[in-house]
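Per the numbering used here, the very first residue in the sequence shown carries number -12; after that it's consecutive. Don't be surprised by glycine CBs; every beta carbon is placed ideally from N, CA and C. Please read these numbers as outputs of a predicted model, since none were measured by experiment. Shown next, in structure tokens, is the structure this report addresses.
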Amino acid sequence: MPDIVIAPFGGGSNFAGITFPFLRLNFEKGKNIRCISSEPTSCPKLTRGVFKYDFGDTGGMTPLLPMYTLGHDFVPAPIHAGGLRYHGAGVIVSQLLKDKLIEAVAHDNLEVFEAGVLFAKAEGIIPAPEATHGIATVIAEANKCKEEGVSRTILFNLCGHGNFDMKAYDDYFEGRIVKHELSQEQINASLARLNTPDIP
Ligand SMILES: Cc1ncc(COP(=O)(O)O)c(C=O)c1O
């Protein structure tokens, strides 16, 4: 039984898949299992976005959905950020975060590749760049355990292998992956274009 469940976060599918059974135990059986999502600092909808009605697609064709979002026409910087470049978050995971029933953290590009390389060396599995976000959070939480002198069971979702992502790892080893964080001005500019109603 985990103390902490961690998953990378693009739109929320793999996060929901691995955490929801444990959240049920929190709600129904009084467990206190922390569920943490990991997103890139270059596309930080959960950690720096707003909870507002928005479209799920860039074309604005879906119904308006209550979600954490950076704005449906948000375009991430042309940097790697794994595959986690979607502007928003699924409705249910958004509500869970709003209600403080889950947690969200963000990691920059370099931090996640470092984590991915460490994992590959330790486990013999090359993780997908998406998955490396979760691994970075696992390492941070494991280090906290060390500092606090406690033992916690951490479950995480290795949501994909990186066998088709050698170019990304090559870029990392050649120094072409850069640390990137969105400025508040960039986030404000994207959100200023979001003319949808507030959630009452
Ligand atoms: C391997 C992998 N993991 C995770 C994701 C993120 O999606 P989601 O958060 O919906 O699971 C993607 C998105 O393309 C992916 O390719």
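- Following the DSSP letters along the chain, one finds I164 in no alpha helix (DSSP H), marked with neither H nor E.
- With three or more CB-CB distances shorter than 8 angstroms, the segment 24 to 40 counts as touching the segment -9 to -2.
- Short note on E117: C-beta closer than 6 angstroms to some heavy atom of ligand 1.
- Per DSSP, the unbroken alpha helix (DSSP H) holding C132 starts and ends at 116 to 135.
- The beta carbon of C146 sits closer than 6 angstroms to at least one heavy atom of ligand 1.
- Beta-bridge partners assigned by DSSP to L142: V(-8).
- Fully enclosed alpha helix (DSSP H) runs of no fewer than 4 residues occupy 0 to 16, 32 to 35 of the segment -7 to 55, in order along the chain.
- Taking C-beta atoms under 8 angstroms as the contact rule, L97 and I164 qualify, at a distance of about 6 angstroms.
- In the DSSP assignment, E101 is bridged to no other residue.
- Between I186 and the set P31, G43, P53, G162, the nearest pair of CA atoms involves P53.
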